[in-house]
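Colleague: Using our numbering, the first residue of the sequence shown is number 1097, and each one after it goes up by one. Note that the Cβ used here is the ideal one computed from N, Cα and C, for glycine as well.
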Amino acid sequence: MPYRFTQPAKTVIGEGAFEQAAEAVASLGSRAFIVTGPHVSAQAGFGAVTQALDSRGREYHVFTGITGEPSIQMLHAGAQAYRESGCDYIIGFGGGSQLDGAKAIAVMGTSNRDITCFVGTDIAGSFPPLALIPTTAGTGSEATKYFCVTDDDAGVKYLLQGEQLLPRLAIVDPAFTLSAPPQVTAATGMDALTHAVEAYTSRRANPLADMYALSAVKRIFAWLPQAYRDGSHKKARGELALAAYQAGICINNASTTIVHGMSRPIGALFHVPHGLANAMLSCACLRFALDGCCSRFAELARVIGAASHRTPDTQAAELFIEKLGELCRNLAIQTLSQYGVDEAAFAAQIDKMASDAAASGSPANTIKPVSKEDMCAIYRSLWT
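Encoded structure:
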């Protein structure tokens, strides 16, 4: 069976990546539309981007309206600003929210259509070139055709996709992640870990993505606790930036499964950040999926040194889930209750969340049948 494998047209990654890629960023067009957020635009790295454009005589317009996970309201404002700016390419600078926002604005700004019109389709069209520059090591949005949009009125987070939205240029410079605080480092790192684990245990797994997945899992288990404890640790930041990019390529080619499917409704209804919602669900969801591909979970345990090749697969798989739980505890991952979600309010939304999760398509990629009742039971277990 042949496999398709997609990734950004060009990637520059590692220490000093932005300096090396500055000319390429400036050469994507004549006027740049920079999508970012108010806090991100105050970081030193943002100044490096604008300085690179200034020094090369490139004009630009800065849109700082992506203040959290992108909502339809934010995107309408961004699309309008893009149309009025006269820009011919887009730079996304920030965390996954800003990078996803850049993709959505590229679609809405050129199509003059509401983003919900594209739900369930493979988005195609003539879009401005995209340069994506992450400031967190987590979502991998700089490597993927995917982006998420929240409809606050409907209480739904949509997953959208289009291969023509793969960035023309991805710049992954770990120096831009040094200012991420511990909680953000933990949540985004767990998001990247979830990407890699889900892609490796997906029905759509393939040998090329498997290589990236195993490498990313090994790196994250080894270096995420260090970056959480000491955000200035350059080696840890570099390893995590690489792992997040690898994990992004994984989901680009093998997709996500039950964890992501179930986390999006939590984010949409209770405004739990995406990476944190994944972390909250990871042990419960992956334990459910474990007997669908026990040998694959066993291999993950061996990669992180939790089991040897002499350890039976069933035991090794369980050891992986144990190590995952230990990692969550070491990163002080909050429960729903600790985050401030009301138990009664959560219980009242379980049926809707399970329906929305199933509708997203992600749980169907799990190598095990997943019913709505299964997901309801997992949601309820988060309180026990």
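Can at least three beta-carbon pairs, one atom from the region 1368 to 1379 and one from the region 1317 to 1332, be found at a separation below 8 angstroms?
Modeller: These segments do not touch.
Colleague: Taking the alpha helix (DSSP H) that G1190 falls in, what are its first and last residues?
Modeller: Mapped onto the sequence shown, residue 1190 falls at position 94. That residue, G1190, is in no alpha helix (DSSP H); its beta strand (DSSP E) goes 1185 to 1190.
Colleague: Tell me, to the nearest whole angstrom, how far the beta carbon of C1424 is from that of C1381; I am working on the premise that it is less than 8 angstroms.
Modeller: One-based indexing of the sequence shown puts residue 1424 at position 328. One-based indexing of the sequence shown puts residue 1381 at position 285. Wrong, their Cβ atoms sit about 13 angstroms apart, outside the cutoff.
Colleague: Starting from the N-terminal side, write out each stretch of the alpha helix (DSSP H) that is 4 residues or longer and does not extend beyond the region 1271 to 1353.
Modeller: Entirely contained in the region 1271 to 1353, the alpha helix (DSSP H) runs reaching 4 residues are, in chain order, 1278 to 1296, 1303 to 1325, 1330 to 1350.
Colleague: Determine the direct distance from the alpha carbon of G1164 to that of I1187, and round the result to whole angstroms.
Modeller: In the sequence shown, counting from the first residue as 1, residue 1187 sits at position 91. In the sequence shown, counting from the first residue as 1, residue 1164 sits at position 68. Approximately 17 angstroms, taken between the alpha carbons.
Colleague: Quick check on the DSSP output: what are the complete alpha helix (DSSP H) runs of length 4 or more inside the region 1171 to 1229, in order along the chain?
Modeller: 1192 to 1207, all fully within the region 1171 to 1229.
Colleague: Looking at C-alpha atoms only, which residue of N1302, A1364, P1361 is the closest neighbour of T1102?
Modeller: Counted from its first residue, the sequence shown places residue 1102 at position 6. Closest option to T1102, Cα to Cα, is N1302.
Colleague: Please state whether DSSP places T1410 in a helix, a strand or coil.
Modeller: Here residue 1410 refers to the residue found at position 314 of the sequence shown. Reduced to three states, the DSSP call for T1410 is helix.
Colleague: For S1456, which option in S1351, E1395, V1313, L1427 has the closest C-alpha, if you only look at C-alpha atoms?
Modeller: The residue labelled residue 1456 in the question sits at position 360 within the sequence shown. Answer by Cα proximity: S1351.
Colleague: Excluding sequence positions up to five away, which residues of its chain have a Cβ less than 6 angstroms from the Cβ of A1175?
Modeller: Residue 1175 sits at position 79 when you count from the first residue of the sequence shown. Excluding positions up to five away in sequence, the list reads I1201, M1204, G1205.
Colleague: Distance check for A1295 and A1402, CA to CA, integer angstroms please.
Modeller: In the sequence shown, residue 1402 corresponds to position 306, counting from 1. In the sequence shown, residue 1295 corresponds to position 199, counting from 1. Between A1402 and A1295, the C-alpha separation is close to 20 angstroms.
Colleague: Going straight from the alpha carbon of G1285 to that of G1344, what length do you get?
Modeller: By one-based count along the sequence shown, residue 1285 stands at place 189. By one-based count along the sequence shown, residue 1344 stands at place 248. The straight-line gap from Cα to Cα measures roughly 12 angstroms.
Colleague: Compare the C-alpha of V1108 against each of Y1185, T1431, E1155, A1227 and name the closest.
Modeller: The count along the sequence shown starts at 1 and reaches residue 1108 at position 12. Residue A1227 is the option with its Cα nearest to V1108.
Colleague: Opposite K1253 in the DSSP bridges: which residues?
Modeller: Looking up residue 1253 in the sequence shown gives position 157. Bridge partners of K1253: T1246.
Colleague: Which value, in whole angstroms, describes the spacing of the CA atoms of A1412 and S1123?
Modeller: The sequence position of residue 1412 within the sequence shown is 316, counting from 1. The sequence position of residue 1123 within the sequence shown is 27, counting from 1. Between A1412 and S1123, the C-alpha separation is close to 50 angstroms.
Colleague: Could you tell me the alpha carbon to alpha carbon distance between S1527 and Q1257, rounded to whole angstroms?
Modeller: The shown model of the chain, from 1097 to 1480, leaves out residue 1527, and the question about it has no answer.
Colleague: Just verifying my parser: in three-state terms, what is the DSSP assignment at H1356?
Modeller: Your numbering for residue 1356 matches position 260 in the sequence shown. Of the three classes helix, strand and coil, the one that applies to H1356 here is helix, per DSSP.
Colleague: Enumerate in chain order the residues of its own chain whose CB-to-CB distance from F1272 is below 6 angstroms, with the five nearest sequence positions on each side excluded.
Modeller: Here the question's residue 1272 lines up with position 176 in the sequence shown. So the qualifying residues of the chain are G1141, T1231.
Colleague: What ranges does the alpha helix (DSSP H) occupy inside the region 1367 to 1405, keeping only unbroken runs of at least 4 residues that lie completely in it?
Modeller: Taking only runs of at least 4 residues, the alpha helix (DSSP H) segments lying wholly in the region 1367 to 1405 are 1370 to 1385, 1390 to 1399.
Colleague: Do R1360 and L1289 have their CB atoms nearer than 8 angstroms?
Modeller: Here residue 1360 corresponds to residue number 264 of the sequence shown, with the count starting at 1. Here residue 1289 corresponds to residue number 193 of the sequence shown, with the count starting at 1. The answer is no: Cβ separation not under 8 angstroms.
Colleague: Would N1348 be called buried (16 or more neighbouring beta carbons within 10 Å of its own) or exposed?
Modeller: Along the sequence shown, one-based indexing puts residue 1348 at 252. N1348 should be labelled buried.
Colleague: Report the three-state DSSP secondary structure of S1237 (helix, strand or coil).
Modeller: The residue you call residue 1237 lines up with position 141 of the sequence shown. In the structure shown, S1237 sits in a helix (DSSP, three-state: H, G or I).
Colleague: Just the Cα atoms here: how many angstroms apart are S1074 and R1406?
Modeller: As displayed, the chain neither begins before 1097 nor continues past 1480, which places residue 1074 out of reach and without an answer.
Colleague: Go ahead and label R1264 buried or exposed: buried means 16 or more other beta carbons lie within 10 angstroms of its beta carbon, across all protein chains shown.
Modeller: Taking the sequence shown and counting its residues from 1, one reaches residue 1264 at position 168. R1264 should be labelled buried.
Colleague: Tell me, to the nearest whole angstrom, how far the beta carbon of C1346 is from that of A1305; I am working on the premise that it is less than 8 angstroms.
Modeller: The residue labelled residue 1346 in the question sits at position 250 within the sequence shown. The residue labelled residue 1305 in the question sits at position 209 within the sequence shown. Their Cβ separation, rounded to whole angstroms, is 5 angstroms, which keeps C1346 and A1305 in contact under 8 angstroms.
Colleague: At which residues does the beta strand (DSSP E) containing T1107 begin and terminate?
Modeller: Locating residue 1107 in the sequence shown gives position 11, counting from the first residue. Run containing T1107: 1107 to 1109, per the beta strand (DSSP E) assignment.
Colleague: Once the 5 residues before and after L1386 are set aside, which same chain residues still bring their CB inside 7 angstroms of it?
Modeller: Residue 1386 sits at position 290 when you count from the first residue of the sequence shown. Around L1386: F1393, A1413, I1417.
Colleague: Buried or exposed for T1217, please, with buried defined as at least 16 other CB atoms from any protein chain shown within 10 angstroms of its CB.
Modeller: Position 121 of the sequence shown, counting from 1, holds the residue named residue 1217. Its Cβ having fewer than 16 others within 10 Å, T1217 is exposed.
Colleague: In angstroms, rounded to a whole number, what distance separates the CA positions of G1357 and S1458?
Modeller: In the sequence shown, the residue the question calls residue 1357 occupies position 261. In the sequence shown, the residue the question calls residue 1458 occupies position 362. Rounded to the nearest angstrom, the two C-alpha atoms are 5 angstroms apart.
Colleague: Do I1429 and T1297 have their C-beta atoms closer together than 8 angstroms?
Modeller: Counting from 1 along the sequence shown, the entry for residue 1429 is found at position 333. Counting from 1 along the sequence shown, the entry for residue 1297 is found at position 201. Contact flag unset, no.
Colleague: When the Cα atoms are used, what is the spatial distance from E1242 to Y1475?
Modeller: The residue you call residue 1242 lines up with position 146 of the sequence shown. The residue you call residue 1475 lines up with position 379 of the sequence shown. The amino acid occupying residue 1242 in the given sequence is Tyr; Glu does not appear at that position. Distance between the alpha carbons of Y1242 and Y1475: 25 angstroms.
Colleague: Who are T1462's beta bridge partners in DSSP?
Modeller: Working through the sequence shown from its first residue, we reach residue 1462 at position 366. BP columns for T1462 point to S1298.
Colleague: Which stretch, first to last residue, makes up the alpha helix (DSSP H) that contains V1136?
Modeller: Translated into positions along the sequence shown, residue 1136 becomes position 40. Per DSSP, V1136 belongs to no alpha helix (DSSP H) and is neither H nor E.
Colleague: With a threshold of 6 angstroms on Cβ separation, who are the neighbours of G1197 within its own chain once the five nearest residues in sequence on each side are excluded?
Modeller: For this step, residue 1197 is matched to residue 101 along the sequence shown. Excluding positions up to five away in sequence, the list reads V1131, I1162, P1166.
Colleague: Rounded to a whole number of angstroms, what is the C-alpha to C-alpha distance between D1248 and A1364?
Modeller: By 1-based counting over the sequence shown, the position of residue 1248 is 152. By 1-based counting over the sequence shown, the position of residue 1364 is 268. Going from the Cα of D1248 to the Cα of A1364 covers about 7 angstroms.
Colleague: In the DSSP output, what is E1155 paired with across the bridge?
Modeller: Translated into the one-based positions of the sequence shown, residue 1155 becomes position 59. In the DSSP output, where bridge partners are listed per residue, E1155 has R1127.
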